[in-house]
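Some notes on the structure that comes next.
In the working numbering, the protein residues as written are 4 to 291.
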């Protein structure tokens, strides 16, 4: 059977999310996670569907990609077809040819599991290793320690605090209460929690969203931020510990996060929260 490239309709996103859930495994390299689609869902289901691509054979989804911005395509495959030559060549062809509608011309990055042959195929086409990233993993066999600060689950009644800390953590953030509600209405959020950390005065100082892929599978932190006016007090570490604990309560086997290797302070924060550094990863990049 031929491999079919599709952009799903919004009502088809649940099937895509379920496929991504099934592919998560602690024995696999870090890869596109249902939580990545969940965080993108803040732009709404139609926008999320428009950013997703699937490759299927005989009606079965083999690969999923997310156009996470105009120049970054995040891609993964079912583990059992990771080394499938026909699929890898089709993926490489589709992401490098603008007429296929995945990436346009010019500078671009493709994120894929490091054991994917797609990286080698892109290198043959002139792509090169991009910025180094550091994945980190927190085993959840044992419960994490108490974070040492007050942590609240942010539902509709605390969405204002959740949004305010997000916007104060990332200078370019466009997060709003409307976008939180859109995200919370998405299929992946059924296995997610937003957490907010408060200082002794009751001020919201840090936040994180955690995404489970179901019991016995790794979950991810996406995103985590500390309010710019409250950095240097350990709140990032505290909310990272709380994130790991929340994922354990959701049944996750581990908590995963990935940050630019150049973000040495961020890496140190996660390590101090009990996360272990994994081998570095790189996207495949194309110059403009």
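The beta-carbon is built from N, C-alpha and C at its ideal position, and this holds for glycine as well. None of these values were measured; they are calculated from a predicted model.
I need the DSSP call for residue i, collapsed to helix, strand or coil.
i, result
"residue 121", "helix"
"residue 220", "coil"
"residue 9", "strand"
"residue 161", "helix"
"residue 29", "coil"
"residue 34", "coil"
"residue 169", "helix"
"residue 174", "coil"
According to DSSP, what are the bridge partners of residue i?
i, result
"residue 66", "58, 80"
"residue 210", "199, 228"
"residue 279", "140"
"residue 284", "136"
"residue 234", "For residue 234, which the question treats as bridged, DSSP gives no partner whatsoever."
"residue 289", "111"
Note the first and the last residue of the continuous alpha helix (DSSP H) segment covering residue i.
i, result
"residue 182", "180-187"
"residue 40", "37-43"
What are the boundary residues of the beta strand (DSSP E) that residue i is part of?
i, result
"residue 23", "Element bounds for residue 23: not the beta strand (DSSP E) but the alpha helix (DSSP H), 16-26."
Review point. If you scan the segment 236-268 from start to end, which runs of the beta strand (DSSP E) of 3 or more residues do you find wholly inside it?
Key: Listed in chain order, they are 257-263.
Practice item. Please confirm if the segment 4-24 is in contact with the segment 245-255, defined as three or more CB-CB distances below 8 Å between the two stretches. Key: The segment 4-24 vs the segment 245-255: no contact.
Review point. Taking the runs of the alpha helix (DSSP H) that are 4 residues or longer, which of them lie wholly in the segment 69-155?
Key: Correct list: 88-99, 121-127.
Practice item. Decide if the segment 218-237 is in contact with the segment 121-128; the criterion is three or more beta carbon pairs, one per stretch, under 8 Å apart. Key: No: the two stretches stay apart, fewer than three of their Cβ pairs being nearer than 8 Å.
Exercise for review: May I ask you to verify whether the segment 41-61 touches the segment 148-155, counting CB pairs closer than 8 Å and requiring at least 3?
Suggested key: In this structure the segment 41-61 does not lie against the segment 148-155, because fewer than three pairs of beta carbons, one per stretch, are closer than 8 Å.
Exercise for review: Assess, as a yes-or-no matter, whether the segment 21-39 is touched by the segment 214-223 under the definition of 3 or more beta carbon pairs within less than 8 Å.
Suggested key: By the Cβ rule, the segment 214-223 counts as touching the segment 21-39, because three or more pairs are nearer than 8 Å.
Point to revise | Contact between the segment 203-214 and the segment 152-168 (3+ Cβ pairs under 8 Å) | key: Taking a contact to require three or more Cβ pairs closer than 8 Å, the segment 203-214 and the segment 152-168 qualify as touching.
Review point. Are three or more beta carbon pairs between the segment 168-180 and the segment 270-286 nearer than 8 Å?
Key: Flag = no, the segment 168-180 and the segment 270-286 do not touch.
Check your understanding: Is the number of C-beta pairs between the segment 32-52 and the segment 75-82 that are closer than 8 Å three or more?
Key -> Because the criterion of three Cβ pairs below 8 Å is met, the segment 32-52 and the segment 75-82 touch.
Point to revise | Cβ contact check for the segment 38-49 and the segment 93-104: 3 or more pairs under 8 Å | key: The answer is no - the segment 93-104 does not touch the segment 38-49, with fewer than three Cβ pairs under 8 Å.
Review point. Is it a yes or a no for the segment 43-59 touching the segment 234-245, going by three-plus beta-carbon pairs under 8 Å?
Key: These segments do not touch.
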